[in-house]
Amino acid sequence: MRAGRMHADEADIDVAVVRGLIAAQFPQWADLSVEPVDTVGTDNAVYRLGGELAVRLPRIEGAVGSVEREQQWLPLLAPQLPVAVPAPRGLGGPAGGYPWSWSVYRWLDGENPSVNRVAEPGLLAEDLAEFIRALRRIDPSGGPSAGRGVPLAARDAATRAAIVELRGIIDTDAAGAAWEEALRIPERSGPPAWFHGDLSPGNVLITRGRLSAVIDFGCMGVGDPTVDLIIAWNLLPADARGVFRAALQADDATWARGRGWALSIALIQLPYYRDTNPVLAANARHVIREVLADHEHAS
1 MRAGRMHADE ADIDVAVVRG LIAAQFPQWA DLSVEPVDTV GTDNAVYRLG
51 GELAVRLPRI EGAVGSVERE QQWLPLLAPQ LPVAVPAPRG LGGPAGGYPW
101 SWSVYRWLDG ENPSVNRVAE PGLLAEDLAE FIRALRRIDP SGGPSAGRGV
151 PLAARDAATR AAIVELRGII DTDAAGAAWE EALRIPERSG PPAWFHGDLS
201 PGNVLITRGR LSAVIDFGCM GVGDPTVDLI IAWNLLPADA RGVFRAALQA
251 DDATWARGRG WALSIALIQL PYYRDTNPVL AANARHVIRE VLADHEHAS
């Protein structure tokens with residue numbers, strides 16, 4: 001699924017490292033099998049521990065903050081959400097050459113959906129909207145801020161730099177025009193709310209075509225929750241987006257901001273992961289095509 005390491009400063013993680021960490025810090029699980037989980041995730045490595053647990057270890061220092069965030073907040077959010085989310089079972093620390101904190105979670109069954117292979121896209125759209133609505137209803141008091149709960153303008157420099165890198169790879173004139181239009185959308189004026197921050201095919205699990213779990217809350221926080229609309233373009237087919245939008249009662253400005261978020265994330269991901277994470281790069285290309293098609297149609 002990957003062509004190589006994704007980050008220059010990535011930690012060395014393998015089965016032996018995970019076995020050593022478990023044996024030293026959770027001896028009650030030392031006899032359980034350890035198997036790598038092939039995911040498209042970029043910030044964390046995941047290993048299955050026996051049949052009921054999963055180990056999640058940051059690959060880079062920038063992802064370490066998500067360990068504490070998930071350990072603290074997921075147990076409080078979980079009872080108020082309509083589908084399963086990761087349940088922390090242990091918090092590990094640096095040892096054996098591995099430098100950071102890491103987590104053990106309950107294993108969640110299900111499969112990641114694939115773009116253009118969703119059996120019941122309208123039902124999945126409703127499920128995703130229900131999850132987002134429930135998340136936004138949770139009291140945000142004291143919740144952590146996070147990088148994706150900000151106005152689109154905060155991503156302007158990084159997005160423009162990515163567009164320059166993508167010359168000759170995508171239609172950068174069209175992408176630049178769509179981004180300029182996104183920047184003209186009024187900022188959200190409502191109160192802060194909880195958001196997941198990275199709703200994408202790799203972070204949702206389905207069972208028999210319906211949403212059964214949402215995973216990887218490393219980007220979660222409290223702020224402008226518009227970013228969670230990105231799943232309309234990175235997973236849902238065009239004919240299911242209307243169902244999703246209607247279920248969220250998203251007005252024109254909110255929908256356009258969500259489309260801007262999807263475009264910005266995809267533009268930044270594509271040049272960075274083009275050679276090291278082909279699945280994520282392919283999804284980024286898909287998002288760019290879908291957003292530019294929407295932009296052309298709206299124009």
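Read in the UniProt record's numbering, the sequence shown has 171 at position 171, and its numbers run on one by one without any break. Glycine residues also receive a C-beta, built at the ideal position from the N, C-alpha and C atoms. Keep in mind that this is a model prediction, so the values were computed, not measured.
- The residues I185, in chain order, have a CB closer than 6 Å to that of A256 in the same chain once the five nearest residues on each side in sequence are set aside.
- Beta-bridge pairing by DSSP links V46 to R56.
- Look at the segment 118 to 195 and you find these whole runs of beta strand (DSSP E), each 3 residues long or longer: 193 to 195.
- Separation of A157 and N283 (C-alpha to C-alpha, rounded to the nearest whole angstrom) is 22 Å.
- The segment 49 to 60 and the segment 186 to 204 do not touch, with fewer than three beta-carbon pairs separated by less than 8 Å.
- Rounded to whole angstroms, the gap between the alpha carbons of G92 and G20 is 12 Å.
- The beta carbons of R210 and L123 sit about 6 Å from each other, so the pair counts as a contact at 8 Å.
- Between R133 and L236 the beta-carbon gap is near 16 Å, outside 8 Å, which marks them as no contact.
- Secondary structure of P86 (DSSP, three-state): coil.
- Distance from the CA of D14 to the CA of A45, rounded to the nearest whole angstrom, comes to 9 Å.
- Bridge pairing for W102: G92 [DSSP].
- In the three-state DSSP reduction, V15 falls in the helix class (H, G or I).
- In chain order, I288 place their CB closer than 6 Å to the CB of I170, counting only its own chain and leaving out the 5 sequence neighbours on each side.
- In the displayed model, T207 falls within a strand according to three-state DSSP.
- Between E165 and P278, the C-beta gap is not smaller than 7 Å, which leaves the two residues out of contact.
- Classified as exposed, V37 has fewer than 16 neighbouring CB atoms from the shown chains inside 10 Å of its CB.
- In this structure, H196 is the residue among H196, L183, T172 with its C-alpha nearest to the C-alpha of A146.
- Sorting V64, G142, L280 by C-alpha distance to the C-alpha of T39 places L280 at the top.
- DSSP lists A84, L205 as the bridge partner or partners of A213.
- E10 sits in coil when the DSSP states are folded into three classes, being neither helix nor strand.
- Taking every protein chain shown into account, the CB of P201 has 16 or more other CB atoms within 10 angstroms, so this residue is buried.
- For E296, the enclosing alpha helix (DSSP H) begins and ends at 278 to 298.
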